[in-house]
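Single-structure report; data block below.
Protein chains: 2
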Amino acid sequence: MGRTLVYPKVEKNTVHRKSDRASYDLHTIHSIINTTPVLHVSFNSSDPADPFPTILPMIGTMGSYEHPSADLNDPMDCYLHGYVSSGIMKQARSNPEKGLPITVAATKVDGIVLSLTPNSHSYNYRSAVLFGYGSLVEDIEEKIWAMKLVTNSVVPGRWENSRSPPDGAEMASTTILKVKIVNGSGKIRIGGPGDEKKDTEREDVVESVWTGVVPIYETVGEPVRGGAGRVEKVPEHITSFRGEVNETNEEYARTAAAAINPAGKGY
Amino acid sequence: MGRTLVYPKVEKNTVHRKSDRASYDLHTIHSIINTTPVLHVSFNSSDPADPFPTILPMIGTMGSYEHPSADLNDPMDCYLHGYVSSGIMKQARSNPEKGLPITVAATKVDGIVLSLTPNSHSYNYRSAVLFGYGSLVEDIEEKIWAMKLVTNSVVPGRWENSRSPPDGAEMASTTILKVKIVNGSGKIRIGGPGDEKKDTEREDVVESVWTGVVPIYETVGEPVRGGAGRVEKVPEHITSFRGEVNETNEEYARTAAAAINPAGKGY
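Written as structure tokens, this is what we have:
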């Protein structure tokens, strides 16, 4: 209630570049993770000779099984959904004590910032990164809870509006990875272009270059029926999801475009 | 001319899960990278005690300075744009011989696939990953060429329609990281839901669950004027960019939603 928790600022998560855009608030960071359809999850190979981190696009969401009433301002775990035989799950399984070190990133592009000079161009965006240790959820109750949480994070109410709960074979083939978060940070840019005096004072430049923001937002289109279901009318949980996401996304991008740029600068 | 190059399939880049969705074609992979506004770039800390890969959202594009006429089917480098003092650039600078091992990922969500049971839910998506060694572009000609390439990858023609080329201070503060690609892979899912017989044969399930695809696509909104430029009319390079992106994105998502699911299965 009015309490604002932040992730501790240490070298690993400190935003050095454009630090005025940084955020360490749990609520801000968790919101970005939860409104991004696909997370990018990175971890290292078990082969020390492989210098390249793996990056996987994964579906996941923040949640707290111990405190189901936790809100985005509370400490939470990141639950990632995957298949039992995938590489990341195998590595997490072979790392049961400490867990697999995992980095989770989410980025939303909200607009293209077009300034007088290419050097000051930028995006309006929201990005978040979390660092934590991933381990498989073995407890059946927690696993079903997390599967429902992840499903409903894609389309709210979908779990209740499809054939659930999963059967034994489905439980066996699905793996939930729980990432215990140790740290994180967020970065947000809003506002219009920021140019330097050397350009804003040049008549030939300001008279010839259009400046402003082109908003960018994800749109949920008209549902296309397919598959085995015989229900013809698109149900309410889908139409209301569509309406809400479309309104929220477009409004955010437009508001961000028209906002005062707090830093007054490009990138 | 009709030649199809592929990245070599080795353990590191082989798609094991849903391998029917995999692609190793250069053209496919490079297209996904080039149509994604923000890339996720991962690399390891210079501190061996830090177990977490870093993930940065970065702007970048494929290109070939040696063969400027190269198309997406040809071998290309990945050019990433950044600031001179950022961590990734510092690490690349301290790794001049071999370069910094870097993983680049791009993911586009094209639709939510809603099937009879949560277990078969999926996304239609296009994802690509590239592995390579990054080093700073020191040659001035190549650097300007890459800065123009990256700027025009965001909005075609923007370089020519803003105050360019960069001056000395801008050249000094901007760094271009060139990632020499050693390998990569792509993964694409299209089509409607795929459910198993155990559900498609259940009258109670098919009569009660709506199945199909909800297309998802990025929309470029109405430009919002701001900043120092005095041009009022939105110029043609922006309006045509907007029109083309919006038409392409929506059409792809709709077509993918209505396509025959080649695998006939969810996730």
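So the protein sequences, as listed, match chains A and B. According to my numbering, the first sequence is numbered sequentially starting from 1. According to my numbering, the second sequence is numbered sequentially starting from 1001. Every residue gets a Cβ at the ideal spot worked out from N, C-alpha and C, and that includes glycine. Predicted model, so just to flag it, every value in this text is computed and none were measured.
Note on residue 67(A): under 16 other CB atoms within 10 angstroms of its CB, so exposed under the neighbour-count rule.
Chain B has no Cβ within less than 7 Å of the Cβ of residue 79(A). Only 192, 193, 195, 199, 200 from the stretch 188–204 of chain A bring a Cβ to less than 7 Å from some Cβ of chain B. Scanning the stretch 1128–1189 of chain B for uninterrupted alpha helix (DSSP H) segments of 4 residues or longer gives 1140–1154, 1168–1173, listed from N- to C-terminal end. Of the candidates 1196(B), 1163(B), 1188(B), 1241(B), the residue whose Cα lies closest to the Cα of residue 1118(B) is 1196(B). Measuring C-alpha to C-alpha distances from residue 1044(B) to each of 1171(B), 1104(B), 1221(B) identifies 1104(B) as the nearest. Scanning chain B for C-beta atoms nearer than 8 Å to the C-beta of residue 158(A) yields 1114, 1118, 1121, reported in chain order.
Proximity of the stretch 200–215 of chain A to the stretch 1225–1233 of chain B meets the contact definition, three or more beta-carbon pairs being nearer than 8 Å.
Counting only the Cα atoms, residue 1207(B) lies some 38 Å from residue 1128(B).
Under the DSSP definition of a beta bridge, residue 1219(B) partners with 217(A). For the pair residue 1038(B) and residue 161(A), the Cα-to-Cα distance works out to about 34 Å. Using a Cβ distance threshold of 7 Å, residue 178(A) and residue 83(A) do not count as a contacting pair.
Following the DSSP letters along the chain, one finds residue 1106(B) inside the beta strand (DSSP E) bounded by residues 1100–1114. Around residue 161(A), the beta-carbon contacts reaching into chain B at under 8 Å are 1209, 1210.
When only Cα atoms are considered, residue 256(A) and residue 130(A) end up about 24 Å apart. The C-beta distance from residue 1188(B) to residue 1017(B) rounds to 13 Å, too long to meet the 8 Å contact threshold.
Interface criterion met: the Cβ of residue 219(A) is under 7 Å from a Cβ in chain B.
Of all residues in the stretch 1140–1156 of chain B, the ones placed with a Cβ closer than 7 Å to any Cβ belonging to chain A are 1147, 1151, 1154, 1155, in chain order.
Under the DSSP assignment, residue 61(A) falls in the beta strand (DSSP E) whose first and last residues are 54–63.
In the structure shown, residue 1124(B) falls within a strand segment according to DSSP collapsed to helix, strand and coil.
Under DSSP, the beta-bridge partners assigned to residue 212(A) are 114(A), 1225(B). Closest in C-alpha terms to residue 243(A), from the list 232(A), 253(A), 220(A), 252(A), comes 220(A). In the structure shown, the three-state DSSP call for residue 71(A) is coil.
Collapsing the DSSP output to three states places residue 1253(B) in a helix. The beta carbons of residue 191(A) and residue 253(A) sit no closer together than 7 Å. In this structure the stretch 1134–1145 of chain B does not lie against the stretch 83–94 of chain A, because fewer than three pairs of beta carbons, one per stretch, are closer than 8 Å.
DSSP places residue 1030(B) in the uninterrupted alpha helix (DSSP H) bounded by 1026–1034. Close CB contacts of residue 114(A) within its chain, under the 8 Å cut and outside five residues either way in sequence, are with 121, 193, 210, 211, 212, 213, 214 (chain order). For residue 1043(B), DSSP records a beta bridge to 1054(B). Judged by DSSP in its simplified three-state form, residue 1259(B) adopts coil rather than helix or strand. Around the CB of residue 140(A), fewer than 16 other CB atoms lie within 10 Å, so the residue is classed as exposed. If you draw a 10 Å sphere on the C-beta of residue 1010(B), you find fewer than 16 other C-beta atoms in it, and that means exposed. Counting only Cβ-Cβ distances below 8 Å, residue 216(A) has contacts in chain B at 1037, 1218, 1219, 1220, 1221, in chain order. Sequence-distant partners of residue 216(A) (beyond 5 residues in either direction) whose C-beta falls short of 7 Å from its own C-beta, in its chain, are 109, 110, 111, 112, 253. Against chain A, the beta carbon of residue 1180(B) has no neighbour under 8 Å; the closest one sits roughly 13 Å away.
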